[in-house]
Amino acid sequence: MVWEYIYRTVFIYFLVLAVIRMMGKREIGQLSPFDFVVAIIIAELAAMPMEMSNIPLWHSVLPLVILGVLEVAVSYATLLSQTLRGVVCGHPQVVIKNGKLLREEMRKARYNLDDLMAQLREKGVVDPSDVEFAVLETSGKLSVILKSQRRPVTPADLGISTPYEGLPTVLVMDGNVMKKNLKEANLDEKWLLQALQERQLSPKKILLATLSTDGRLYISEK
Numbered sequence: 006m007v008w009e010y011i012y013r014t015v016f017i018y019f020l021v022l023a024v025i026r027m028m029g030k031r032e033i034g035q036l037s038p039f040d041f042v043v044a045i046i047i048a049e050l051a052a053m054p055m056e057m058s059n060i061p062l063w064h065s066v067l068p069l070v071i072l073g074v075l076e077v078a079v080s081y082a083t084l085l086s087q088t089l090r091g092v093v094c095g096h097p098q099v100v101i102k103n104g105k106l107l108r109e110e111m112r113k114a115r116y117n118l119d120d121l122m123a124q125l126r127e128k129g130v131v132d133p134s135d136v137e138f139a140v141l142e143t144s145g146k147l148s149v150i151l152k153s154q155r156r157p158v159t160p161a162d163l164g165i166s167t168p169y170e171g172l173p174t175v176l177v178m179d180g181n182v183m184k185k186n187l188k189e190a191n192l193d194e195k196w197l198l199q200a201l202q203e204r205q206l207s208p209k210k211i212l213l214a215t216l217s218t219d220g221r222l223y224i225s226e227k
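With the first letter of the sequence shown counted as 1, position 100 gets the number 105 in our numbering; the numbers rise by one all the way through.
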């Protein structure tokens, strides 16, 4: 009996993991109502065979697989149809325009003033009159565009050109050489080992090593 529970738990764990992977990479806050409902049903179906050993395992396996396929099918369908995407995911709603609160849009979204002010403060905004547009996204997050006179000054505003920065390339992570990243950076392991040897280091002693686009090597030891 104990081994049966262990078997069921391990099997369901990997099955749910596979189904979640099928759903794609999304944060909890980015789940559509359809995704959220699917996630709840998956949790219920996964718990059934672990709680009740008299239920055949396939009674949960089959619905889980069907849900995973249905989720993928609906996701692809929403990519092709804007109408379906609106039905499943909803539409963004403008709740502030030129510093004015749009109460009717807030009412439609059932979005109260307390939530609005809290999300504005999270964006570093304390006065709604400073906002050009505030859009309530389908994920429930608030996108805020400040009025031009309230936005931070950028180098472009001052006519200053800046060099390209790009993303640093990870060369060593937790003692492991990232050979694929080295190849993409047109470097080889021999170059890396030589650079580390000059610092009397070896990959095994390094927690993280990155190379910036201007050639600077950053190293953090274990």
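Cβ coordinates follow ideal geometry from the N, Cα and C atoms, glycine included. Note that the structure is a prediction, hence the values are computed from the model and not measured.
Tell me the DSSP bridge mates of residue i?
i, result
"glutamate 226", "Ile211"
Check whether the Cβ atoms of residue i and residue j sit closer than 9 angstroms, and answer yes or no.
i, j, result
"threonine 215", "glycine 171", "no"
"valine 99", "methionine 27", "no"
"valine 149", "valine 131", "no"
"leucine 236", "phenylalanine 19", "Nothing can be reported for residue 236, as the shown portion of the chain is limited to 6 through 227."
"proline 208", "asparagine 181", "yes"
"asparagine 117", "methionine 111", "yes"
"leucine 213", "methionine 178", "yes"
"threonine 167", "glutamate 189", "no"
"valine 74", "valine 93", "no"
"valine 24", "leucine 69", "yes"
"leucine 147", "leucine 106", "no"
"isoleucine 224", "leucine 198", "no"
"isoleucine 47", "valine 21", "yes"
Could you spell out where the alpha helix (DSSP H) holding residue i opens and where it closes?
i, result
"valine 77", "63-85"
"threonine 14", "7-27"
"glutamate 110", "108-113"
"glutamine 124", "118-127"
Thinking residue i and residue j are a contact (beta carbons under 8 angstroms), I'd like their distance in whole angstroms, please.
i, j, result
"leucine 151", "aspartate 135", "6 angstroms"
"glutamate 194", "isoleucine 211", "Going by Cβ atoms, the distance from glutamate 194 to isoleucine 211 rounds to 14 angstroms, so no, they are not a contact pair."
"leucine 176", "leucine 187", "6 angstroms"
"isoleucine 101", "phenylalanine 41", "The pair is not a contact, with the Cβ atoms about 26 angstroms apart (cut-off 8 angstroms)."
"threonine 14", "methionine 55", "5 angstroms"
"glutamate 127", "proline 97", "Between proline 97 and glutamate 127 the Cβ distance is about 18 angstroms, and since that is not below 8 angstroms, they are no contact."
"valine 228", "leucine 72", "This structure does not reach residue 228, given that the chain is present from 6 up to 227, and the question cannot be answered."
"serine 65", "glutamate 9", "Their Cβ separation, rounded to whole angstroms, is 14 angstroms, which puts serine 65 and glutamate 9 out of contact at 8 angstroms."
Which residue comes first and which comes last in the beta strand (DSSP E) that contains residue i?
i, result
"glutamate 137", "136-141"
"glutamine 98", "98-102"
"leucine 151", "147-151"
Write down every uninterrupted run of the alpha helix (DSSP H) in the stretch 171-215 whose length is 4 residues or greater and which is fully enclosed by it, in chain order. 184-189 and 194-202
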